[in-house]
Amino acid sequence: MRKHQRPPYLSIALISGAALAYEVLLMRLFSIIQWHHFSYMIIGLALLGYGFSGAIISVFQGWLLQRFTLVFLGSLLLFGLTSVTGFMAAQAMPFNAELILWDYQQVIYLLIIFLLLSLPFFFAASAICLAFMQYRQQVSRIYGWDLAGAGLGSLIVIGLLFVAFPQNALITVGAAGIVSLLIASVELGVKQYRSVSLILLVSALVLSLLAVNLELNMSPYKSLPQTLRVDGTEVVEQDSSPFGLISIIDSRIVPFRHAPGLSLASTAEPLPQLGIFTDGDNMTVITKAAEDTSQLVYLDQLTSALPYHLADPASVLIVGAGGGADILQALYHSNNNKTSAAIDAVELNPQLIEIVGSRYSEFNGDLFQHPGVQIYAGDVRGFLTQNQKKYDLIQISLMDAFNASASGLYALNEDYLYTIEALKHYLNHIVPGGILSLTRWIKMPPRDTLKLFATAVEALRQMGVENPSEGLILIRSWQTSTLLVKNGAFSSENIKNIREFSDERSFDVDFAAGFPLAEESYNLMAKPWFQEGTAALLSDKQDQYLDEYKFNLRPAIDDRPYFHHFTKWSSLPEMFKLRDRGGMSLIEWGYIVLVMTLIVAAVLSVILIALPLLALPRCSDKGKAAISKTRVILYFLAIGIAFLFMEIAFMQKFILFLHHPLYSFAVTLAAFLVFAGIGSYLSANMAHYYSRRNLLLGSVAGILLFGISYILLLDSLFIWISDTPILLKILLTVVLVAPLALLMGMPFPLALSSLADHAEALVPWAWGINGCASVISASLATLLAIHFGFSTVIMLALALYAGIVFMYPAPPRVVTS
Amino acid sequence: MKLLTTAAGMFSTLLIVISSGAGILAHAADLTEQARLEMIRNIEQDVRETSLELNKSELDPRVMKALSRVPRHEFVPADEKQNAYENRPLPIGHGQTISQPYIVAVMTDMLNLEPDSRVLELGTGSGYQAAILGELASKVYTIEIVEPLGLQAKERLQRLGYDNVTTKVGDGYYGWEEHAPFDAIIVTAAASHIPPPLIKQLKPGGRMVIPVGSRFMMQQLLVVDKREDNKIVSKQVLPVVFVPVTGKH
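Chain order of the listed sequences is A and B. With the first sequence counted from 1, adding 199 to any position gets you the numbering used here. With the second sequence counted from 1, adding 14 to any position gets you the numbering used here.
Structure below.
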């Protein structure tokens, strides 16, 4: 009877939006309390909650459907409560990622955390799945509301993160669950007003109690809690945005004295500083205004000061303004040389600009308002695209924290700062004779520095420079290396200055073309890896060297933007063997975590898909179902994987267009989900005029058409319209995503409707398969992108879409009607 | 083989827990001794198999002896005692760790200590490293910045009779002027750079060793030598034998 009623669309959209918001928040919260890479694993796996729901409902569907209203409302309520309590319990686990290879207990903690965090996904997915079964004729519309709700949820949560701390936003997500319960009881016409009010009241009370007690429990091994153990330190301010949690720390007794890479020959002490921690780590500093610029001399004791000793740059571009140290360094030299350089600095995080530029401007002596200094919010490549300016010097120095970088935590981060295309972009914005200066941490064995060198060589070659070696200089301290790339060739006068600069500071010159290297170095290594490496990368043995090196030094490109990925499969056995003998640090965690996530997700998926099969035959054998289960598995696996492949890969493509990871994430994700939702909704209407099979053929043909044309045309289109204002770019992104997403929203509901008509018992199973496929898809997409690039990911997605045409799960066609 | 020795290590530590629970103290001391010797055998074997970048196939026997004398289980919290002689880092509270014994052995060995050496340590932590140094050198000065840790270590080192180890709570940036110069300095506390005053307090011919990395995972060892002519030379050493290029050229 109820099956003819209107499904509870609003509560479905709300719960779906809340679930997506919960996912985004988990990423934020775990980046704060732990580290990004393990968050990746935990959250990736927690999404298997969708798979769990499918499996469990498959088995108990009869029982659950008889109590639809109760179970539906209960799921919404439990989503609201577990989203907060699950997180609180999870962060109480004494999990320590760094001990995982030594202490097997950590695996158990990890497992418990993952189960706790998957609960809300399980409940949200169960509510939606039950709605599919209860309102079988409305599958496409329900799915439409589900996707559209998720799309809006992604936008709302990012907006929310600008105004609320993530833990408070989590409470809002919990509250959304409770509100959806209220809406659903109205939508379902529940008459037990008293019970509903009582439940609402109690859960609101519980939630407020939780809100009061919810505090983030940061790992004691992150640098912020470590710093706060020192007497006289205090958090003077905390500020949060989607970019991160920023903590400003004052240390009254023991000064910060932050000057990474300071020469061993230096006797200078840094000026007083305030520490800025992002997500409890990655410290930078705001430096107190100098009474006299000579106090800044320690900034001249860093490898990154070298370019200022080769020329007096009249225009400088600083990438990553941060706390302002690089700007100070530029000012120090411009003062010394009695010139007044124009200094532009870009900073991705607007919150940081506000903090350093205005809130602490008194402390730092109005650094960001200093005559000649201009600060721009945004990504450097976006800035250079919009801006036709050319510089004497572009300075990119130590963008990430040493420890995180050294243990490979950034391996999964797409980084468009250090690709071949990026370096070419910078060099195109450097005047003839100008310099690009790139400073990175020294890792042992060498990784970043050599990869960056290889990238520069390749960029120069692609720009038609006949002899790239003439424009390259590499110097090194024990802690940092600075690579200079000149738009032109370094003169012998330059080399002399470089020698002098380095000798005074105990730095080594590891590469200077055509000039003999010093016989004795200041910073020894077992072998001169840097000298050997740079020489090999410039020789005709380059490929052989890249093959033989035990870390991956192949330059990153925009399609494969993983500069920080160094792991080679062939080296892993040796590294694991050495783990008890100090070899633990050779293993780079980001990549290992990705592969582990994929393996665990695949194994669990097989179980979650296979288990219901034990229960299913009973329900579906005797009915009208003549639908092959193999088809169901293949079809829903394929579209689950393909949808996320497309979404993830296009999100990356649009980052290069919008030049802003956050905007790109928000706009692309929301557009994909909302328009796919609309597509799903429309497919219901269109099903009145066309057969589902034909609609599927049509939508797949459309997806292939748009997909292939985007692969072929998007890059050129982006270059052609690169200097369009950002708002127009956002609009254009939506316009480009819309038709593709609209079509991509159709294959799932078309097949699910077919199941609902012909084999309803298979509906929750298919839902579960799709859920598992999404989890596999997310890590598989990254893994494929690391090795083959995002274009390949899109091509594979298109192939999968083409393939589903042959697996459409419907009863065999009968020739006569 | 590795598995066997680990299993043996685990078994013996398990015995320690059981026996100490039963209160058979004398017997327990015996077993602790055994576990410690087992740990030493493990380290020795690891070093032999590695023959480090230090170009050594074994560490200074004095260092190994020091390791076999210091009761590591006294330096870890009660709930980690059963793991005290495993060759791995352990959490000791306050966001700090006690290093992997293998790494402690390698670092100590690199300091080239003589019985009359004066050593400065920054970052006392549990006091384990200071105790090892105390076994080898004549005077050890150690500074810890986190007060509760420093006080705990002081009490512990006194109780265990390390009279030649002097502790202090405070900022280590300026070293310990009144006891300078030092033959060796070991910096286990994180710092963005090497404090210039420390280099000043190093004797010509002296050596400074700094592990670089996170609390649980050392990435590399930085060795800073002050030569007799006061020239400063640093060396980056991997704590492991690993050649980054397969040598096919």
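We put the CB at the ideal spot given by N, CA and C, even for glycine. A quick note: this is a predicted structure, and the numbers were derived from the prediction, not measured.
Leaving out five residues before and five after residue i in sequence, what residues of the same chain have Cβ atoms less than 8 angstroms from its Cβ?
| i | result |
| --- | --- |
| LEU927/A | none |
| ALA36/B | The pLDDT assigned to ALA36/B is 48, lower than 50, so where the model puts this residue is not dependable; a value taken from the coordinates is nonetheless given after this. Excluding residues within five positions, none has a Cβ falling inside 8 angstroms. |
| LEU246/A | GLU222, SER317, PHE320, GLY970, SER973, VAL974 and ALA977 |
| PHE905/A | PRO938, LEU939 and LEU942 |
| LEU381/A | VAL395 and LEU399 |
| GLY431/A | SER450, ARG451, ILE452 and VAL453 |
Just list the residues that DSSP pairs residue i with in beta bridges.
| i | result |
| --- | --- |
| ILE355/A | According to DSSP, which records beta bridges pairwise, ILE355/A is partnered with nothing at all. |
| SER446/A | GLN437/A and PHE476/A |
| LEU216/B | PHE196/B |
| VAL238/B | MET222/B and SER248/B |
| ASN722/A | SER248/B |
| MET232/B | GLY227/B |
| ALA291/A | DSSP lists no partner for ALA291/A. |
From residue i to residue j, what does the alpha carbon distance come to, in whole angstroms?
| i | j | result |
| --- | --- | --- |
| LYS821/A | ALA865/A | Unreliable placement is indicated for LYS821/A, whose pLDDT of 46 sits below 50; no coordinate value is reported for it. |
| VAL283/A | VAL378/A | 15 angstroms |
| ILE312/A | LEU225/A | 12 angstroms |
| ALA195/A | LEU280/A | In the structure as shown, chain A begins at 200 and stops at 1016. Residue 195/A is therefore absent and cannot be evaluated. |
| LEU566/A | SER503/A | 20 angstroms |
| VAL154/B | LYS487/A | 36 angstroms |
| VAL545/A | GLN250/B | 34 angstroms |
| ILE574/A | ASN534/A | 19 angstroms |
| GLU297/A | PHE835/A | 37 angstroms |
| LEU1064/A | ILE756/A | Within the shown structure, residues of chain A are numbered from 200 to 1016, placing residue 1064/A beyond reach of any answer. |
| ILE634/A | ILE674/A | 14 angstroms |
| SER915/A | GLU620/A | 14 angstroms |
| LEU723/A | VAL223/B | 14 angstroms |
| GLN500/A | LEU473/A | 20 angstroms |
| ALA92/B | ARG170/B | 14 angstroms |
| GLN743/A | ASN666/A | 20 angstroms |
| LEU354/A | ALA869/A | 6 angstroms |
| GLN59/B | ALA326/A | 58 angstroms |
| ASP591/A | SER784/A | 39 angstroms |
| ALA960/A | LEU797/A | 29 angstroms |
| TYR208/A | ALA383/A | 9 angstroms |
| VAL799/A | PRO924/A | 44 angstroms |
Which residue comes first and which comes last in the beta strand (DSSP E) that contains residue i?
| i | result |
| --- | --- |
| LYS249/B | 246 to 251 |
| PRO105/B | 104 to 107 |
| THR111/B | 110 to 112 |
| ASP591/A | 590 to 596 |
| LYS168/B | That residue, LYS168/B, is in no beta strand (DSSP E); its alpha helix (DSSP H) goes 161 to 173. |
| GLN573/A | 572 to 576 |
Return the chain-ordered list of same chain residues with a C-beta closer than 7 angstroms to the C-beta of residue i, the five sequence neighbours on each side being excluded.
| i | result |
| --- | --- |
| PHE196/B | ARG132, VAL133, LEU134, GLN215, LEU216, LYS217 and GLY220 |
| ALA368/A | LEU224, VAL356, LEU359 and LEU360 |
| ALA576/A | GLU546, PRO549 and ILE552 |
| SER402/A | LEU276, GLY279, LEU280 and ILE377 |
| LEU903/A | LEU997, TYR1000 and ALA1001 |
| ILE112/B | PHE89, VAL90, PRO103, LEU104, ILE106, GLY139, SER140 and TYR142 |
Which two residues bound the contiguous alpha helix (DSSP H) that contains residue i?
| i | result |
| --- | --- |
| ARG830/A | 828 to 857 |
| VAL974/A | 962 to 987 |
| ASP758/A | Counting along the chain, ASP758/A falls outside any alpha helix (DSSP H), and DSSP gives it neither H nor E. |
| ARG698/A | 691 to 704 |
| LEU913/A | 891 to 919 |
| PHE710/A | Run containing PHE710/A: none in the alpha helix (DSSP H); it sits in the beta strand (DSSP E), 707 to 711. |
| ARG76/B | 75 to 83 |
Starting from the C-beta of residue i, find all residues in its chain whose C-beta is less than 6 angstroms away, skip the five residues before and the five after it, and write them out in chain order.
| i | result |
| --- | --- |
| GLN437/A | SER446 |
| LEU833/A | MET1006 |
| ASP758/A | GLY988, PHE989 and SER990 |
Handout entry: Ordered list of alpha helix (DSSP H) runs contained in the segment 616 to 685 of chain A, each at least 4 residues
Key = 619 to 627 and 647 to 661
Practice task
Let me know the alpha helix (DSSP H) ranges lying completely inside the segment 341 to 410 of chain A, each 4 residues or longer, listed in chain order.
Solution key: 365 to 386
Handout entry: beta strand (DSSP E) runs wholly inside the segment 496 to 529 of chain A, at least 3 long, in chain order
Key = 514 to 518
Exercise for the section: Kindly provide the ranges of any alpha helix (DSSP H) runs that are 4 or more residues long and lie completely inside the segment 244 to 299 of chain A, ordered along the chain. Expected result: Qualifying alpha helix (DSSP H) stretches, in chain order: 248 to 265 and 267 to 291.
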